[in-house]
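Count along the sequence shown from 1, then add 33; that gives the number in the working numbering.
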Amino acid sequence: MSSNQTTAAATPTKVAIGIDLGSWNARLASYDEALQHPVMIANHDGHRTTRVLIDKTDVITEKTLESFVQDNLMQLAASSAHTKNLNVILSVPSDKDETTLQEEGFMQILQKFGAVITDAAATCLAYEDRFEMKDGQKILVLDGGARGIKATLLECMGNASGSDKNELPVLSCIGPSQRLPEVNGNALIDILGQSVAQQFEQKNRFPRGEVWESKKAKAKLRRDCESGLKTLVINNTATIHVDGLYEGVDCQVSISKPKWDHLSSKLATQAKKFLKELPEADVVLLAGNMHPWLKPHAKTIFQNKLIASSSFDPSEAVALGCAKQAFLNMMADADTDGGDSNNNNNKAPTMKVSVSPVSIGIKAIIKKKAGDDDGESKSTDEELTMIRKGMPLPALVTHDFAGTVSMDLWQLLPQEKQLATFAELEESTTLKLHLSEQGKLKIWVNDETLTIGN
Numbered sequence: 034m035s036s037n038q039t040t041a042a043a044t045p046t047k048v049a050i051g052i053d054l055g056s057w058n059a060r061l062a063s064y065d066e067a068l069q070h071p072v073m074i075a076n077h078d079g080h081r082t083t084r085v086l087i088d089k090t091d092v093i094t095e096k097t098l099e100s101f102v103q104d105n106l107m108q109l110a111a112s113s114a115h116t117k118n119l120n121v122i123l124s125v126p127s128d129k130d131e132t133t134l135q136e137e138g139f140m141q142i143l144q145k146f147g148a149v150i151t152d153a154a155a156t157c158l159a160y161e162d163r164f165e166m167k168d169g170q171k172i173l174v175l176d177g178g179a180r181g182i183k184a185t186l187l188e189c190m191g192n193a194s195g196s197d198k199n200e201l202p203v204l205s206c207i208g209p210s211q212r213l214p215e216v217n218g219n220a221l222i223d224i225l226g227q228s229v230a231q232q233f234e235q236k237n238r239f240p241r242g243e244v245w246e247s248k249k250a251k252a253k254l255r256r257d258c259e260s261g262l263k264t265l266v267i268n269n270t271a272t273i274h275v276d277g278l279y280e281g282v283d284c285q286v287s288i289s290k291p292k293w294d295h296l297s298s299k300l301a302t303q304a305k306k307f308l309k310e311l312p313e314a315d316v317v318l319l320a321g322n323m324h325p326w327l328k329p330h331a332k333t334i335f336q337n338k339l340i341a342s343s344s345f346d347p348s349e350a351v352a353l354g355c356a357k358q359a360f361l362n363m364m365a366d367a368d369t370d371g372g373d374s375n376n377n378n379n380k381a382p383t384m385k386v387s388v389s390p391v392s393i394g395i396k397a398i399i400k401k402k403a404g405d406d407d408g409e410s411k412s413t414d415e416e417l418t419m420i421r422k423g424m425p426l427p428a429l430v431t432h433d434f435a436g437t438v439s440m441d442l443w444q445l446l447p448q449e450k451q452l453a454t455f456a457e458l459e460e461s462t463t464l465k466l467h468l469s470e471q472g473k474l475k476i477w478v479n480d481e482t483l484t485i486g487n
């Protein structure tokens, strides 16, 4: 055995793991270096989803979240990888608003297990071989899950730091996520389940509503209706078959595509209105369990901007993207430590994403000059939030100002601190801010630049 082989055997190789913490299901993926792409991890029951069972009220707390991740997800990842030497990337829980993550302590809990990225950024990584990333390109990520539809707008920046011309593109968040909680996966499953239950009751002469009120029967129906929703996207009819649904009677009910469209028409109207009001984007990506139902509505509105996924299930996009980011971090660590990454043919992902999803916040105190009744100039102050607290990093914002203004830039967290002062900026000033995940603030004022932080 050669000395190189001995060293490799003595040093355990880390395995890149991605964890998608959904509000209803959790998913895990690992990066297969031989295949050069991430693969999903099945749990001990053979399923690629693990139900997020927190407590009877489904309320996630710091204690229950840490216990669930450690005892369930990390154990499953270690078992699949055959090692506890893992490089883990987790996604932000999709039902938690970014502004509350720090206050409720969830970020600190998640960071005990690995780095954290937003689900939108992970989705972009999952799709990164499906479209060409370009500087200034706007990407809209639509995540349809159990708690609703969430839309996040990102922008690709080529070499945001300006220090390396060969630096990979950076994805920056350019606005808060927009949500439509009324239209969610649970609501769609319940609509289909109630319709199936009513037909089953009529056929077997059970009292109306009795089957759906049974917790056991309802749980069986919801499980099969979740699969039925996917079938209705592909076929004109879905048959819901449940053995021993109620009082030992089997259920076999067929739902046609036109009938399903009628049943879900109110939710479809709400979803279309929400999608039409979203900001313009160059590329639109889908993720989440609702993607089969959401896809035709998004296709109608965004047309060729919607990128199709032929190589993976969009509901698994977040886990796959997290695994890619974990592998990318391992490659970067190997380069930093002097490792020879050219000894293998692994292909790293072609973009960077956020690894610190909660911003400290930046505000501006705007001082505008205006004339009073005596014709003398008078200064008026106005407070403007430039980068809100909790906005995922890296963040990129642009503001245009008309008239002559002066302004002070302030950091909001962990304590307010003045960062910079701009005196009497010219008329029609464009101010552009980029806050990196390391806390480095880069400011463009017309043709001048200013960098604050290391």
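Every residue, glycine too, gets a C-beta built ideally from N, C-alpha and C.
Remember, predicted model here, so these are calculated numbers, not experimental data.
- request: Look up lysine 251 in the DSSP assignment and say whether it is helix, strand or coil.
  value: helix
field: Closest Cα partner of isoleucine 50 within the set Val121, Asp78, Leu68 and Leu143
entry: Val121
Any 3 or more C-beta pairs closer than 8 angstroms across the segment 301 to 319 and the segment 279 to 293: no
Nearest residue (CA-CA) to alanine 304, options Ile420, Leu187 and Glu215: Glu215
query: What span of residues does the beta strand (DSSP E) with leucine 466 cover, start to end?
result: 462 to 468
field: Straight-line gap, glycine 321 to proline 329 (C-alpha atoms, nearest Å)
entry: 15 angstroms
query: Can you list, in chain order, the residues of its chain whose CB lies under 6 angstroms from that of cysteine 284, leaving out five sequence neighbours each side?
result: Phe233, Val275 and Leu278
- prompt: From this set, Leu452, Leu213 and His467, which residue's C-alpha is nearest proline 427's C-alpha?
  reply: His467
query: What does a CB cutoff of less than 7 angstroms around glycine 486 pick up in its chain, not counting 5 residues either side in sequence?
result: Hits under 7 angstroms: Gly472, Lys473 and Leu474.
- prompt: With C-beta atoms as the reference, is lysine 450 less than 8 angstroms away from leucine 417?
  reply: no
task: Measure how close the beta-carbons of valine 125 and valine 149 come, nearest whole angstrom, since I'm counting them as under 8 angstroms.
output: Correct: roughly 6 angstroms between the Cβ atoms.
field: Status (buried if at least 16 other CB within 10 Å, exposed otherwise) for proline 425
entry: buried
task: Throw me the rounded Cβ distance for the leucine 262 and leucine 221 pair, which I believe falls under 8 angstroms.
output: 6 angstroms
message: What residue range does the beta strand (DSSP E) around asparagine 269 cover?
response: That residue, asparagine 269, is in no beta strand (DSSP E); it is neither H nor E in DSSP.
task: Please state if the CB of serine 210 and the CB of alanine 230 are separated by a distance shorter than 8 angstroms.
output: no
field: Neighbourhood of leucine 213 by C-beta, 6 angstroms cutoff - its chain only, sequence neighbours within 5 removed
entry: Counting only Cβ-Cβ distances below 6 angstroms, and skipping sequence neighbours, we find Gly181, Ile182 and Phe307.
- prompt: Alpha carbon to alpha carbon, how far is methionine 267 from asparagine 479?
  reply: Before going on, a small fix: residue 267 reads as isoleucine here, not methionine. Those two C-alpha atoms are separated by around 52 angstroms.
- prompt: For lysine 145, is the classification buried or exposed, using 16 other Cβ atoms within 10 angstroms of its Cβ as the cut-off for buried?
  reply: exposed
- request: From the DSSP output, read off the bridge partner residues of cysteine 206.
  value: Leu187 and Ala428
task: Assign glutamate 470 to one of two classes, buried (16 or more other C-beta atoms within 10 Å of its C-beta) or exposed (fewer than that).
output: buried
message: Considering Cα atoms alone, identify which of Leu143, Thr116 and Ala111 is closest to leucine 123.
response: Leu143
task: Can you give me the start and stop residues for the alpha helix (DSSP H) that histidine 324 sits inside?
output: 324 to 335
Burial state of alanine 59, where buried means 16 or more other Cβ atoms lie within 10 Å: buried
- request: Flag this pair as yes or no: are the beta carbons of leucine 327 and leucine 319 separated by less than 8 angstroms?
  value: yes
message: What would DSSP say about arginine 163, mapped onto helix, strand or coil?
response: coil
- request: Taking only the alpha-carbon atoms, compute the straight-line gap between methionine 363 and methionine 73 and give it to the nearest angstrom.
  value: Their backbone Cα atoms lie some 19 angstroms apart in a straight line.
message: In the DSSP output, which residue or residues are listed as bridge partners for histidine 70?
response: Asp65
query: Less than 8 angstroms separating the beta-carbons of phenylalanine 360 and tyrosine 160?
result: no
query: Quick one: is alanine 41 buried, meaning 16 or more other Cβ sit within 10 Å of its Cβ, or exposed?
result: For alanine 41, the predicted model reports a pLDDT of 38, less than 50, meaning its position is unreliable; a value from the coordinates is still stated below. Classification of alanine 41: exposed, given that the 10 Å Cβ count is below 16.
task: Specify, as a first and last residue, the run of the beta strand (DSSP E) that phenylalanine 455 falls within.
output: Here the beta strand (DSSP E) through phenylalanine 455 covers 450 to 458.
query: For alanine 220, which residues does DSSP report across the bridge?
result: According to DSSP, alanine 220 bridges with nothing at all.
field: Cβ separation of tryptophan 57 and valine 102, assumed to be a contact under 8 angstroms, to the nearest whole Å
entry: The beta carbons of tryptophan 57 and valine 102 sit about 16 angstroms from each other, so the pair does not count as a contact at 8 angstroms.
query: Which of the three DSSP states, helix, strand or coil, is assigned to arginine 60?
result: strand
message: Here's a check: name, in chain order, each residue in its chain whose Cβ is nearer than 6 angstroms to the Cβ of glutamate 415, leaving out the five neighbours to either side.
response: Ile399
- prompt: Of the choices Lys96, Leu106 and Ala67, whose alpha-carbon is the least far from that of arginine 27?
  reply: No answer is possible for residue 27: the residues shown for the chain start at 34 and end at 487.
field: alanine 43 classed as buried or exposed, judged by whether at least 16 other C-beta atoms fall within 10 angstroms
entry: Reliability fails at alanine 43, whose pLDDT of 38 lies under 50, so the model's placement of it is uncertain and the value that follows must be treated cautiously. Burial call: exposed.
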